[in-house]
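Asker:
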């Protein structure tokens, strides 16, 4: 099977008008079931998005079920979230109240690291779940490992990140990406990823230093303002009572500017990271690339933001659709697949869905 | 009949003929034949590009597709696809939505009623103990200046004659507020006593708090907070917090209005004018308007103030006649100095 240069390997043929009935009935059913239907809603959405996504010569198919997602969520709640909440609320508080702040600190730290560990495991398992529920030519993906090693890796790389004041974050991100994709497979083929931190480090530095520059700029402006005010304009302010409000408005403006500017700079870095990460991915003889620029990412986020704001939140039901089409539009693959050698995956199929990830409220890829 | 087929073992796409035989079928190509499979074991998948697609129970990736849709003669033998979910498909979307909405309304209603029901089930004695436990912190700040407690008792007796449950005390803290604890303990802070222009104003505040006591509002709101924080704790932190605050404040507005109604009745029966209470509320809310943000008194924070509240008290005054002041000048003096003239009451000042 060959991919010619002219044709895109990934293509999306859906239409938001075709998707709208799914989105609105999902919303209706989620409301009247007080949110229980969300698991089935997510499944229906994915079934639609996958079925309209063509890879080379055939559609993808999502085979996950709402029940799996619900069981996964229930298990995650039962095994982790409730016990953690109990330890956090009861054990920690009673340790503090009985005068053992040191003990409480140790428990708190262990708890914090445990949450990091589980977050890592959750990211790994969500990716594994999604691959295992994705069919192409009747073949699925998966992983032979459970993500425990990845969880530890996630912990120690994060801790190392703190000790280096966050400067190694690009390395943390790329090496964790390589590690988790390296454990994944599709059919008999193992994914390989060798993303590097060096090509994206400059952009990261921009993001890293921006707040510092920004704080200095604010201080400079403030000092300038006070000095200028002291030189004469101060006395001409008609209503001294209005000053706090002017200052407040300026502060609010800076605050907003700070997050918009920082958000954009974060995307400057993230777009480069994602290009590097996807570009370093291999499956058999297939190579991948991702072409979204910073501008594309900004358009995606600004569009999603406008969609949600101007519809008073209802537009939220189309955000998943937009994200998926963005992803597919910019995703490319090159190389050959030998269909005769692409046999069914022998990995163990996970029994339930992305519970942990839901519980911690994070995304998979 | 020609179908396309993945066997779930390799990625090769086959195009066999489906040969039906009773309730089973085989997939036949020139060089191979698969099956037999039972029609009943097929699982309908979504139709894609007009192709009706079926999987096989217990077999990952096994698929057959009927190009252009399912042939009419096979349709009755094959299971229908699930659309919204098996249960909802059986009932139909709108009936299912209506049914779920009914259940949801009942569940929400039950949940919101639970605190009121549980409150009624809690014995007064248990509530009293809970209140004493919470009031323990105030113990050494209770004020008992010369003739102060007697003046306070006289005031309470006028507002709530024959109410043995009423236990009112003044605590030496410079906060303009009053709180009711579970079990009918009403605590006035010295700041509120000092901020009042006349004993009638204090009488109005106490009558309002007695309304909370009578309706056991405090225990109910404690239970509601507990229930909401447990339930909404599962949600994302912000959503949970906001919802919690909104629900709790909606209930507290109702409870406040009820307590005001109780206070208006109590003042009328005791022949105490409601106008000073209205003036007191007005002074508090005027303080909010004139001084701008940051001057919110504690009383306003826990007793949301509105023009309506003062108006209700003013309107009630029309029905009053032969009102008498609740305390005479000497008693009022003793009450005002209940803390400052008490050397034993712990001085104001926070130790946190």
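Protein chains in written order, with my numbering: chain H, 55 to 419; chain V, 889 to 1240.
From the three backbone atoms N, C-alpha and C, an ideal C-beta is built for every residue, glycine too.
When you compare the segment 922-929 of chain V with the segment 903-912 of chain V, are there three or more beta-carbon pairs, one atom per stretch, that lie closer than 8 Å?
Answerer: A contact exists between the segment 922-929 of chain V and the segment 903-912 of chain V.
Asker: For residue 102 of chain H, would you say it is in contact with chain V, using Cβ-to-Cβ distances shorter than 9 Å as the test?
Answerer: Yes, residue 102 of chain H counts as interfacial toward chain V.
Asker: Quick one: is residue 948 of chain V near chain H, going by C-beta distance under 9 Å?
Answerer: Yes, residue 948 of chain V lies at the interface with chain H (some Cβ there is under 9 Å from its Cβ).
Asker: Using a C-beta to C-beta distance shorter than 7 Å, which residues of chain V count as neighbours of residue 86 of chain H?
Answerer: Neighbours of residue 86 of chain H on chain V, chain order: 985, 988, 989 and 992.
Asker: Check residue 1230 of chain V in the structure and name its three-state DSSP category.
Answerer: DSSP places residue 1230 of chain V in coil when its eight states are reduced to three.
Asker: What first and last residue would you give for the alpha helix (DSSP H) that runs through residue 229 of chain H?
Answerer: Looking at the DSSP string, the run of the alpha helix (DSSP H) that includes residue 229 of chain H is 223-236.
Asker: Using Cβ-Cβ distances below 7 Å, what residues of the segment 357-390 of chain H are close to chain V?
Answerer: Those would be none; no residue qualifies.
Asker: Under 8 Å between beta-carbons, which chain V residues line up against residue 241 of chain H? List them in chain order, please.
Answerer: Those within 8 Å of residue 241 of chain H in chain V are 899.
Asker: Please classify residue 345 of chain H as buried or exposed, where buried requires at least 16 other C-beta atoms within 10 Å of its C-beta.
Answerer: Counting Cβ neighbours within 10 Å, residue 345 of chain H comes out exposed, since fewer than 16 surround it.
Asker: Within this structure, are the beta carbons of residue 124 of chain H and residue 90 of chain H separated by less than 9 Å?
Answerer: Contact: yes.
Asker: Please classify residue 1043 of chain V: does DSSP put it in a helix, a strand, or coil?
Answerer: Residue state, collapsed to three classes: helix.
Asker: Excluding the five sequence neighbours on either side, which residues of its own chain have a C-beta within less than 8 Å of the C-beta of residue 9 of chain H, listed in chain order?
Answerer: Any question about residue 9 of chain H goes unanswered here, given that chain H covers just 55 to 419.
Asker: Is the beta carbon of residue 323 of chain H sitting closer than 9 Å to the one on residue 258 of chain H?
Answerer: Contact flag set, yes.
Asker: What whole-angstrom Cβ distance do residue 241 of chain H and residue 193 of chain H have, given they're in contact under 8 Å?
Answerer: With a Cβ gap of about 4 Å, residue 241 of chain H and residue 193 of chain H count as contacting.
Asker: For a contact meaning CB atoms closer than 9 Å, what does residue 906 of chain V contact in chain H?
Answerer: Under the 9 Å cutoff, chain H gives no residues; its nearest Cβ is about 17 Å from residue 906 of chain V.
Asker: Give every residue of the same chain whose Cβ lies closer than 8 Å to the Cβ of residue 382 of chain H, excluding the five residues on either side of it in the sequence, and list them in chain order.
Answerer: Only 64, 65, 66 and 107 meet the Cβ criterion.
Asker: Could you have a look at residue 79 of chain H and say whether DSSP puts it in helix, strand or coil?
Answerer: Residue 79 of chain H: helix per DSSP, three-state reduction.
Asker: Let me confirm a value: residue 97 of chain H is counted as buried when at least 16 other C-beta atoms fall within 10 Å, else exposed. Which label applies?
Answerer: Classification of residue 97 of chain H: buried, given that the 10 Å Cβ count is 16 or more.
Asker: Any idea which residues DSSP pairs residue 190 of chain H with across the strands?
Answerer: H:114 and H:193, per the DSSP bridge assignment.
Asker: Is any heavy atom in the ligand MN found nearer than 8 Å to the beta carbon of residue 1216 of chain V?
Answerer: The ligand MN is not part of the structure shown, which contains no ligands of any sort.
Asker: Along chain H, which residues have their Cβ under 8 Å away from the Cβ of residue 933 of chain V?
Answerer: Correct list: 115.
Asker: Look at the alpha carbon of residue 341 of chain H and the alpha carbon of residue 135 of chain H, and state the distance between them as a whole number of angstroms.
Answerer: Whole-angstrom Cα-Cα distance: 39 Å.
Asker: Counting only C-beta atoms, is residue 158 of chain H closer than 9 Å to chain V at any point?
Answerer: No, residue 158 of chain H does not count as interfacial toward chain V.
Asker: Should the segment 163-178 of chain H be regarded as contacting the segment 217-226 of chain H, the criterion being three or more beta carbon pairs within less than 8 Å?
Answerer: The segment 163-178 of chain H is not in contact with the segment 217-226 of chain H.
Asker: Would you mind stating whether residue 1143 of chain V and residue 1173 of chain V have Cβ atoms separated by less than 9 Å?
Answerer: Against a cut-off of 9 Å, the Cβ pair of residue 1173 of chain V and residue 1143 of chain V comes out as no contact.
Asker: Comparing the C-beta of residue 938 of chain V with each C-beta of chain H, is any distance below 9 Å?
Answerer: No, residue 938 of chain V lies away from the interface with chain H (no Cβ there is under 9 Å from its Cβ).
Asker: Give a yes or no on whether the minimum CB-CB distance between residue 1199 of chain V and chain H is below 9 Å.
Answerer: Taking Cβ atoms only, chain H never reaches closer than 9 Å to residue 1199 of chain V, which makes this a no.
Asker: Only counting runs of 4 or more residues, tell me where the alpha helix (DSSP H) segments fall wholly within the segment 989-1033 of chain V, in order along the chain.
Answerer: Entirely contained in the segment 989-1033 of chain V, the alpha helix (DSSP H) runs reaching 4 residues are, in chain order, 1012-1023.
Asker: Is the shortest distance between the beta-carbon of residue 972 of chain V and the beta-carbons of chain H less than 9 Å?
Answerer: Judged by the 9 Å Cβ criterion, residue 972 of chain V is in contact with chain H.
Asker: Please report how far the alpha carbon of residue 203 of chain H lies from the alpha carbon of residue 238 of chain H, in whole angstroms.
Answerer: Cα to Cα, residue 203 of chain H sits roughly 13 Å from residue 238 of chain H.
Asker: According to a CB-to-CB cut-off of less than 7 Å, which residues of the segment 66-99 of chain H neighbour chain V?
Answerer: Those residues of the segment 66-99 of chain H that come within reach of chain V (Cβ to Cβ, closer than 7 Å) are 79, 82, 83, 86, 87, 88 and 94.
Asker: On the DSSP letters alone, give me the boundaries of the beta strand (DSSP E) that residue 343 of chain H sits inside.
Answerer: Looking at the DSSP string, the run of the beta strand (DSSP E) that includes residue 343 of chain H is 340-344.
Asker: Anything in chain H within Cβ reach of residue 997 of chain V, meaning under 7 Å, just list it in chain order.
Answerer: Per Cβ cutoff of 7 Å: no residues; residue 997 of chain V is ~12 Å from chain H at best.
Asker: Residue range of the beta strand (DSSP E) that residue 941 of chain V falls in?
Answerer: Looking at the DSSP string, the run of the beta strand (DSSP E) that includes residue 941 of chain V is 940-944.
Asker: If you measure from the beta carbon of residue 976 of chain V to each beta carbon in chain H, is any gap under 9 Å?
Answerer: Output row for residue 976 of chain V: interface = yes.
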